[in-house]
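This report refers to the structure that appears directly beneath it.
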Amino acid sequence: MQLHQQSISETISKRYFQEIDSINQYTGIEEFFTIESRLLFEIFHLEADKAKKSLHELIDILSIRFGKQVIKEVRNYFMTLSSIVARKLMENQVPSKKAFAFNVACIDMIQNKMKDAEFLQFADELIDFYVSFIADRKQPTFRHQTVNKVIMYINDELENDLTVESIAQKFHISTSHLSRIFREHVGITLVEYLNVRRVEESQYYLRHTNKSITSISEQFHFCNQSYFTRIFKKYTGVTPKHFRDELHHDFFRFELPETANVEKEKI
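FYI, my numbering numbers position 229 of the sequence shown as 221, with every residue one higher than the one before it.
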């Protein structure tokens, strides 16, 4: 076993020095990681158009280096990039199980859905997915830290049966005080925000899974399918069935208000 490991090490070392010897004939290679850093910044600041441009620059560099093998190497790079983004998500307090699921889903999509002739279009769609995923989990920046923590807690535990009472108990404050500070800073009640987030998340299950509408309603703890349909239509303008059947409908996303003028936390 030790000899086998040593052989692998020697083989990799040999390949490494071969690459070092030949790398100077390719232009632009030295810019690769600078562009990649810029790409990650753009992804995590939701700048999709800029990120697409940066990713295309990286693909151009890979094309220069790998020639006819570029599609294979681009596929490998997309998987590497997805893993990097997953780790960045964990740095931003996304639960490890969700970051892991994100990585698995991306790699599966790259391996099984990416067509060689459409790899540039696939790159753009991959960026759109990254940005959409991150936008739904963007950390709030209210100056009232309890409100920020409650929002992050809701995002992480959305598929549990959350109530105002259970959240207040989690953060050791009264339900009346929690309700007051949440509405003061976010602009809607905590009950409304729970419904907003459940609607946002349920859209992905309607669009990307075969789960029944009843099952999705139960998954997000709506009291029944009729209530789920009413709340879903309130925010999206269409019923869950219509959203699932008519793919031209955009995803609804609630925008948190600006926080520049919010007073500092008082508790």
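Don't be surprised by glycine CBs; every beta carbon is placed ideally from N, CA and C.
Beta-carbon gap between residue i and residue j smaller than 8 angstroms
| i | j | result |
| --- | --- | --- |
| Phe36 | Lys80 | yes |
| Phe92 | Leu50 | no |
| Ala43 | Leu54 | no |
| Tyr227 | Val183 | no |
| Glu193 | Leu239 | no |
| Asn104 | Ser75 | no |
| Lys225 | Ile205 | no |
7 angstroms Cβ shell around residue i - same chain, five flanking residues per side excluded
| i | result |
| --- | --- |
| Ala40 | Ile119, Asp120 and Val123 |
| Arg236 | Leu198 and Arg199 |
| Ile56 | Tyr18, Thr19 and Gly20 |
| Phe125 | Phe94 |
| Lys203 | Tyr197 |
Candidates the options: closest to residue i by CA position
| i | options | result |
| --- | --- | --- |
| Glu83 | Phe220, Arg129, Arg189 and Leu54 | Arg129 |
| Asp100 | Asn68, Glu11 and Arg175 | Asn68 |
| His164 | Gln131, Glu176, Val142 and Leu150 | Val142 |
| Gln131 | Pro87, Ile102, Ile159 and Asp242 | Pro87 |
| Phe279 | Met144, Ala127, Ile126 and Phe125 | Lying outside -7 to 259, the shown extent of the chain, residue 279 is not represented and no answer is given. |
| Phe70 | Gln85, Ile102, Lys90 and Lys89 | Ile102 |
| Lys45 | Leu112, Lys203, Phe174 and Thr181 | Leu112 |
| Ile27 | Leu73, Asp148, Ser14 and Gly59 | Leu73 |
| Ser29 | Cys98, Val77, Ile223 and Arg222 | Val77 |
Residue i versus residue j: straight-line alpha-carbon distance, rounded
| i | j | result |
| --- | --- | --- |
| Ile146 | Ala115 | 31 angstroms |
| Gln161 | Leu154 | 11 angstroms |
| Leu47 | Asp242 | 25 angstroms |
| Thr231 | Ala127 | 23 angstroms |
| Ile21 | Phe9 | 16 angstroms |
| Ile159 | Arg189 | 15 angstroms |
| Gln17 | Glu11 | 11 angstroms |
| Leu186 | Gly229 | 18 angstroms |
| Ile15 | Ile4 | 16 angstroms |
| Ser166 | Lys90 | 30 angstroms |
| Gln217 | Val156 | 21 angstroms |
| Asp52 | Asp13 | 21 angstroms |
| Glu2 | Val178 | 58 angstroms |
| Ile0 | Gln85 | 37 angstroms |
| Arg7 | Gly59 | 18 angstroms |
Residues near residue i in its chain [Cβ-Cβ closer than 8 angstroms; skip 5 each side]
| i | result |
| --- | --- |
| Glu117 | none |
Own chain partners of residue i with C-beta closer than 6 angstroms, once the 5 adjacent residues on each side are dropped
| i | result |
| --- | --- |
| Phe220 | Ser209 and Phe214 |
| Tyr196 | none |
| Arg175 | Thr181 |
| Cys98 | Ser74 |
| Asp148 | Pro87 |
| Leu38 | Val123 and Ala127 |
Under 8 angstroms, with one C-beta from each stretch per pair, do the segment 137 to 151 and the segment 164 to 174 reach the 3-pair mark?
yes
Determine contact between the segment 50 to 65 and the segment 107 to 121, defined as no fewer than three beta-carbon pairs at a distance below 8 angstroms.
yes
Any chance the segment 243 to 250 sits against the segment 206 to 214, with 3 or more Cβ pairs inside 8 angstroms?
Touching, no.
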